[in-house]
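In order, the protein sequences belong to chains A and B.
Counting along the first sequence from 1, when you hit position 131 you're at 185 in our numbering, and nothing is skipped either side.
Counting along the second sequence from 1, when you hit position 177 you're at 1561 in our numbering, and nothing is skipped either side.
All C-beta atoms in this analysis are idealised placements derived from N, C-alpha and C, irrespective of residue type, glycine included.
Here's the structure we're looking at; comments come further down.
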Amino acid sequence: MVARLLNRIEALLKRMKIGNYEVYMQIPEVTQLYVRRGERELINEVRQIGYSIRILDKGLGMACCNQTDDLSVKRCITQACKMARQSKAEKLVFPSQKPTCKVDIKDQRIWNEPESVVDEFQKKLVEVAAKIGVELPFAKIRAFKIRSMIVNSEGLGREKEETLFFTEICYKSSGEGKLSEFWTTRYARRLEDMSLASIEEWAELSKANLNAKSPKTERLEVIFSPQVICDLFVPVMNGHFTGLSLKQAISRFEEGETVADETLSMIDDGLHPFGIQSSPFDDEGNPQSKTALIDHGVFKNRVYDQYYGLEYGKESTGNGLRQGMVSFLVDEKFRAIPRNQTSNLEIAPGKKSLEDLISEVDRGLLVYKFSWANPDEATGIFASEIRNASLVEKGELMYPVKGGLIAGDIFSLMKNATGISNQPEIVSGETAFSCITPWLRFEDVQVAGE
Amino acid sequence: MPEISAVLEKVIRIFEKSGVEYGDVRFDSSTSTGISKNVAEENFASGSIQGYHIRVLREGEWRAISLSGVEVRTVLSSVKRLARFSPTLREKSSYSKLKPWTFKKRYKCRKDPADIDLEEKIELVRELYKRMKGFDERIVNAGARYADDIVEKYFMNTEGSELYYRAPLIRVILVSFAKFGKNVQVHHMAHGGFGVGYELIDHLNIEEDCRSVSKGAVELLDADRAPSGRLPVVLDSEMAGLIAHESFGHGLEADQVLRNRSFLSDMLGKRVASDSVTIVDNSSYESAYGSYPFDDEGVRSRKNTLVERGILKSFLHSRETASSFIVASTGNGRAESFSRKIFVRMSNTYFESGEWKLEEMLEDIDYGVYLVKGSHGMEDPLGGGLQISSVKGHLIEHGKLTRLLRSISLSGNVLQLLRNVDAVGRDFKLDSGTCGKGFEDFVRVASGGPGLRVKEAIVGGG
């Protein structure tokens, strides 16, 4: 049925004598399980077919639709044509077929048994709650299996199958009249990236927060968890590493410039096995790749999509992604315009363990989670509320810390890195970003509290 | 679209025959146009997204399906399967009963966005961009975005309700980026309305809005970092709205209370704020961005007073949570789209106005901070913690606004803050935005109110 729909759309485009086009199609199946107080609250199955058509006439126009009848398809094409005629002239050419690398992006278990997978995950969450002695007030669990296809007038034809697993979990603890929680969201390509150890750690963190104290106002050394790094760094790097940011004149970086401590190296790795934004090809059909961004503190390269590749005389690095600005688009990517974005930001690991990083701190904070980091993409400024942290004194974890703010800007942080752990993790941010990063330590960071 | 109503009727007949406890079906349709321009790109896109959300309660257990792009016979066969599911849960759910009603409304507006030429909308966006970008040579980028959406909702349930509306939604967003050396600063503005047409654009003062956004960004280049610590603060209406919505309102969502996850769980009838504070959620507020005539469970919109003179009066309810509390639904059951679950959500949430002028609020403050223009916020329904940030602000010295400050965040506890509100402004403004249930499930909302003065709060400069 899907292949027939794609053929029908292409046939109609040709019949309407449209010479330059691209059709992106998604067929998602989503199994959603909502949990309340440890019990299943609702199962919601989602079945959808969605497509978007981009047409290049004078300029570029896009229309998207999730109806499959001939009239709707024709209306969608007509709308895209109308948009393309009014748009400013572009020198875009849709990508042609090029070789791609094989990348693992599909968990066979999620693909074959999504209902069992979400059901078992719920049970796992409940078991952890019982084991650690905390409550599970709510959880959202979603298993995605998605087929997507791209064809265009340059003869490109791509198809892939991928899985994603999403959870939003809240573990809550109570005792001596106090309440505390650990509340987080994660995406993963495969189940093993939602390890039992991580889930148990989340439950433990909720319990630890019962004894949390507010921080003092002072400048400290801080160690950030991989998720905090993802939430703080990726949005800002995304706003400065791309061809788009160069064109927008907001990029702070110039090639060859020292922008970070020499211990920091970053790549955009669109091919990392089971990376959340990994894929053989991007959402325009170009091969995804690995691009060195910062090498030992020195800015090296930008990432490009098809449009900015042509604009700056570079090959696309496979960074034309249909992704949201705030929340992840998974099953409704067809509704988004491809944008020049980073894929998986990978920070090179160091040689020391997390324990080593902690042991070297005289006075500082180990931050597991902010309420919402949300840095300003352009300025890099952030002032984020601490939800789960620990005070470190003379190399030892002392007591949990909650409340108050950590404030600063990402560009200064990059120059103040003092340590990188040796264990990178694949993590998603709480907004639309993906990272493969270890724990990082920074000096002289402003904490605002009592 | 009479054929949609016919499909919905067939779904209800299947439910009735299968003997389910309750069933409803909603058909959401969105026909949208989005035009944006910045220094790098012009993007024009349109969308036509539709789908069914069908849910059923059988022996105290909910089950739902979301479908699009399938033929009617597939919808009906899926519904037959759904209606036969075997419940397994020990903990039973219920729903508050609702007298059947009918509603049919096509919102009348002077200029239906569907009737406005694409060229006119494009010209508007180009004009907005040109004005912002041309304001000053330090404006290195400007972004203008126009979006309209014709929203249609059909709803039927096994109680006999039959509801429909068609309404336009409009939103305009302006952003300017100023740069000097490595220093980049951003300023923005947004306008939005539900049930209003393209006349919203006619009522804008385009010249003044564009100038204000770009001027704001340029001025921030020379702004200072805010002081950190515990200080007296004054908040403008946008920041007040962030508190009403993010910091306080999320704790009033009754599903959070049922999850044992609200700092307000046992506060009904108790004092939660100073007696100058009244907070309202009003889904029937005319033309506001978070308004609707009925929620996604078919409950009529209404004004709900949440806090009256400092006393907590009501939680926000869906039909399911209302049943648990043995009260009527407040009409706050909303879903992001046909493909997502209905949760308890806010609509237009705001503080009611008071008597104070801004100058009067400032005059008693020797050293403090005035937070201006909401940037973002995050809820903490369990702990009642605050995290909201402004785009900018001013230092208050000896009762006067002095140095311009860049992004300021407010931290601490919201109940402490609300109890410390000692002056409420006479002004009033609502701002449009979107709200997530946690980190997902976004719905359109508005928030605001008057300016507020707080005796002291924890602030931090970015």
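Residue range 360-365 is occupied by the alpha helix (DSSP H) that includes residue 361 of chain A. DSSP, reduced to helix, strand and coil, places residue 256 of chain A within a helical segment of the structure shown. Between the stretch 454-467 of chain A and the stretch 258-278 of chain A there are three or more inter-stretch CB-CB distances shorter than 8 Å, so the stretches are counted as touching. Fully contained in the stretch 1467-1537 of chain B are the following beta strand (DSSP E) runs of length 3 or more, in chain order: 1486-1490. Look at the stretch 91-141 of chain A and you find these whole runs of beta strand (DSSP E), each 3 residues long or longer: 93-101, 104-110, 114-119. Residues of chain B with a Cβ closer than 7 Å to the Cβ of residue 137 of chain A are, in chain order, 1428, 1429, 1430. For residue 1629 of chain B, there are no neighbours in chain A by C-beta distance under 8 Å, as the nearest C-beta there is about 14 Å away. The C-beta distance from residue 218 of chain A to residue 56 of chain A rounds to 19 Å, too long to meet the 8 Å contact threshold. Burial check for residue 1622 of chain B: the Cβ neighbour count within 10 Å reaches 16 or more, so the residue is buried. Taking the beta carbon of residue 1762 of chain B as reference, the chain A residues within 8 Å of it are 425, 426, 428, 439, listed in sequence order.
Going by DSSP, residue 1834 of chain B is part of no alpha helix (DSSP H) at all; its letter is neither H nor E. With a threshold of 16 other beta carbon atoms within 10 Å, residue 1606 of chain B falls short and is exposed.
By the Cβ rule, the stretch 1404-1417 of chain B counts as touching the stretch 1521-1537 of chain B, because three or more pairs are nearer than 8 Å. For residue 1740 of chain B, no beta strand (DSSP E) run applies, since DSSP gives it neither H nor E.
Excluding five sequence positions before and after residue 222 of chain A, the CB atoms of its chain that fall closer than 7 Å to its own CB belong to 193, 194, 239, given in chain order. Here residue 114 of chain A is buried, its C-beta having at least 16 other C-beta atoms within 10 Å. With respect to the 8 Å criterion, residue 436 of chain A and residue 418 of chain A are not classified as neighbours on the basis of their beta carbons. Less than 8 Å separates the beta-carbon of residue 1554 of chain B from that of residue 1584 of chain B. Interface annotation for the stretch 445-460 of chain A against chain B: 456, 457, 458, 459, 460, criterion Cβ-Cβ distance under 9 Å. Taking all protein chains in view, the Cβ of residue 1587 of chain B is surrounded by fewer than 16 other Cβ atoms within 10 Å, so the residue is classified as exposed. Per DSSP, reduced to three states, the secondary structure at residue 72 of chain A is coil, with no helix or strand assignment. Against chain A, the CB of residue 1780 of chain B has no partner CB under 8 Å away; the residue lies outside that interface.
Your pair residue 1830 of chain B and residue 1796 of chain B does not check out as a contact, with CB atoms roughly 25 Å apart and the cut at 8 Å.
When C-beta distances to chain B are compared with 7 Å, the residues of the stretch 212-240 of chain A below that value are 222, 224, 226, 233, 235, 239, in chain order.
When the alpha-carbon of residue 1686 of chain B is set against those of B:1431, B:1670, B:1834, B:1477, the nearest one is in B:1670. Only those residues of the stretch 1671-1682 of chain B whose C-beta falls short of 8 Å from the nearest C-beta of chain A would be listed, and there are none. Against chain A, a Cβ distance below 9 Å from residue 1725 of chain B picks out 86, 88, 95, 96, 98, 194. The residue among A:269, A:248, A:235, A:270 with its C-alpha nearest the C-alpha of residue 257 of chain A is A:235. Scanning the stretch 1667-1713 of chain B from its first residue to its last, the whole alpha helix (DSSP H) runs of 4-plus residues come out as 1703-1709. At a cut-off of 8 Å between C-beta atoms, residue 1435 of chain B counts as an interface residue with respect to chain A.
Not one beta carbon of chain A lies nearer than 8 Å to the beta carbon of residue 1841 of chain B. As computed with DSSP, residue 345 of chain A is found in a beta bridge with A:322. Note that the C-beta distance between residue 1547 of chain B and residue 1472 of chain B is not below 8 Å.
Here the C-alpha atom of residue 377 of chain A lies approximately 17 Å from the C-alpha atom of residue 328 of chain A. Close partners of residue 1718 of chain B in chain A (Cβ separation under 7 Å) are lacking, with about 15 Å as the shortest Cβ gap. Contacts with chain A at 8 Å (Cβ-Cβ) include residue 1422 of chain B.
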